[in-house]
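Numbering (our numbering), first residue to last: 115 to 483.
If you want it as structure tokens, here you go:
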């Protein structure tokens, strides 16, 4: 090879390695998504929001309103559920439980009727027959009941259907899953998640409950627009609603985690590119695919899947997985396009889902088409 040719090829390779990463995403769609969020923030409908989009090494992120930076901490609500599921699967990979284990193996008092049929898998795939919320949910929150009391009530609550018969969204299943983990490890579940999931993934601004943070380190939810179940409505619920010290630090394993856009993107990226930091690769693969074959609704292990009526974005592939949250949050990743999207807002989903969250998600999904 002549010296000049060698130098030219070396220079070309150097430029290729040092040039900024060029994404195939349609930037216009992402700008439209950001503009839509800004429209609602500017109109005073949303007090704070973050949009964080990632495809491999390319990142598009914007912060709005009271969220001064993309690292602003939000209350996630039900995006907590797949985090809890990851914790249980850490124990499965260690051989300390299996998905087919009956729950009463770990919680002996969970007996009577069909309770003996409920397995760990039922808890993580919304097929246990347990209710979403307890009949006494508001009463318990009004008097600042600890999680132990929620567990006691859940152990005794009547089942809504025979375990495994159908899929019906249920937060109390995730509560019992966390209780199983605590009994196996003799460690508070929030500490277990931090040590086995958040720290290994570098999620330094994530906690179940408040962790090392204070409420002032987070943005407040627009709790007055929430469903009555969560503290909305006319009566004074400031002592137990989403913004209360009680709820923020309760550490509810079905909806009490705090995090940021970049941290959630790390979790999603791990499920696109798994290694041995947290789970086995086969376990990651199992969590992302339907575990409810033949039932009325597909679900992974902890993760929602991209299927009606809960699609993530109109251009997302059927393999897309993620979760939404009642506080006005959404996080998903599409293995086909390697695109992940995190939308965090303070505007409750009952109001924002159809006019903000879903349209923004649609635009982001179309950026990869």
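Glycine included, every Cβ here is placed at the ideal spot set by N, Cα and C.
{"Item": "Residue from 419, 409, 408 whose Cα sits closest to the Cα of residue 399", "Value": "419"}
{"Item": "Given 8 Å, three or more beta-carbon pairs between the segment 292-307 and the segment 379-395", "Value": "no"}
{"Item": "Rounded straight-line distance, which links the Cα of residue 428 to that of residue 479", "Value": "7 Å"}
{"Item": "C-alpha distance - residue 290 paired with residue 234, whole-angstrom precision", "Value": "9 Å"}
{"Item": "Same chain only: Cβ atoms within 7 Å of residue 331, ignoring 5 sequence neighbours per side", "Value": "187"}
{"Item": "Neighbourhood of residue 285 by C-beta, 7 Å cutoff - its chain only, sequence neighbours within 5 removed", "Value": "246, 247, 368, 369"}
{"Item": "Integer-rounded CB distance, given that residue 364 should sit under 8 Å from residue 85", "Value": "With the chain represented from 115 up to 483, any question about residue 85 goes unanswered, as that position is not in the structure."}
{"Item": "Buried/exposed call for residue 136, threshold 16 Cβ in 10 Å", "Value": "Note that residue 136 scores 49 on pLDDT, short of 50, meaning its location in the model is unreliable; the coordinates nonetheless yield the value given after this. Per the 10 Å Cβ criterion, exposed."}
{"Item": "Same chain, Cβ closer than 8 Å to residue 125, five either side skipped, listed in chain order", "Value": "Note on residue 125: pLDDT 34, under 50, position unreliable in the model; the coordinate value appears next. So no residue of the chain qualifies."}
{"Item": "Three-pair Cβ contact test at 8 Å for the segment 149-157 versus the segment 457-471", "Value": "yes"}
{"Item": "CA nearest to the CA of residue 236, picked from 282, 204, 258", "Value": "282"}
{"Item": "Neighbourhood of residue 144 by C-beta, 7 Å cutoff - its chain only, sequence neighbours within 5 removed", "Value": "167, 174, 478, 481"}
{"Item": "Beta-carbon proximity of residue 258 to residue 384, cut-off 8 Å", "Value": "no"}
{"Item": "Neighbour-count burial assignment, residue 328, 16 or more Cβ in a 10 Å radius", "Value": "exposed"}
{"Item": "Reduced DSSP secondary structure (H/G/I, E/B, other) of residue 450", "Value": "coil"}
{"Item": "Assumed close pair residue 362, residue 307 - CB separation to whole angstroms, cut-off 8 Å", "Value": "Actually they do not touch by this definition, with Cβ atoms about 16 Å apart."}
{"Item": "Cβ-based burial, residue 392 [other Cβ within 10 Å; buried from 16]", "Value": "buried"}
{"Item": "Proximity below 8 Å, CB of residue 165 to CB of residue 443", "Value": "no"}
{"Item": "Helix, strand or coil at residue 419 [DSSP, three-state]", "Value": "strand"}
{"Item": "CA-to-CA distance, residue 238 to residue 453, given in whole angstroms", "Value": "25 Å"}
{"Item": "Same chain, Cβ closer than 7 Å to residue 412, five either side skipped, listed in chain order", "Value": "404, 406, 419, 421"}
{"Item": "Separation of residue 279 from residue 273, as counted between CA atoms", "Value": "12 Å"}
{"Item": "Minimum C-alpha distance to residue 227 - residue among 253, 276, 179, 251", "Value": "276"}
{"Item": "Separation of residue 210 from residue 469, as counted between CA atoms", "Value": "44 Å"}
{"Item": "According to DSSP, residues forming a beta bridge with residue 172", "Value": "169"}
{"Item": "Exposed unless 16 or more other CB atoms sit within 10 angstroms - verdict on residue 376", "Value": "buried"}
{"Item": "Opposing strand residues paired with residue 455 [DSSP bridges]", "Value": "167, 446"}
{"Item": "Endpoints, beta strand (DSSP E) assigned at residue 373", "Value": "371-373"}
{"Item": "Reduced DSSP category for residue 196 - H, G, I as helix; E, B as strand; rest coil", "Value": "helix"}
{"Item": "Expected contact under 8 Å - CB spacing of residue 204 and residue 179 to nearest Å", "Value": "That belief does not hold up - the Cβ atoms of residue 204 and residue 179 are roughly 36 Å apart, past 8 Å."}
{"Item": "Beta bridge counterpart(s) of residue 187 as assigned by DSSP", "Value": "332"}
{"Item": "Segments assigned alpha helix (DSSP H), at least 4 residues, entirely inside the segment 246-274", "Value": "251-256, 261-270"}
{"Item": "Close Cβ partners of residue 373 (< 6 Å) along its chain, the five nearest in sequence each way excluded", "Value": "190, 320"}
{"Item": "Supposed close pair residue 198, residue 206 - CB separation, criterion 8 Å", "Value": "The pair is not a contact, with the Cβ atoms about 13 Å apart (cut-off 8 Å)."}
{"Item": "Distance CB(residue 139)-CB(residue 169) smaller than 8 Å", "Value": "yes"}
{"Item": "Paired residues, beta bridge with residue 216 - DSSP", "Value": "233"}
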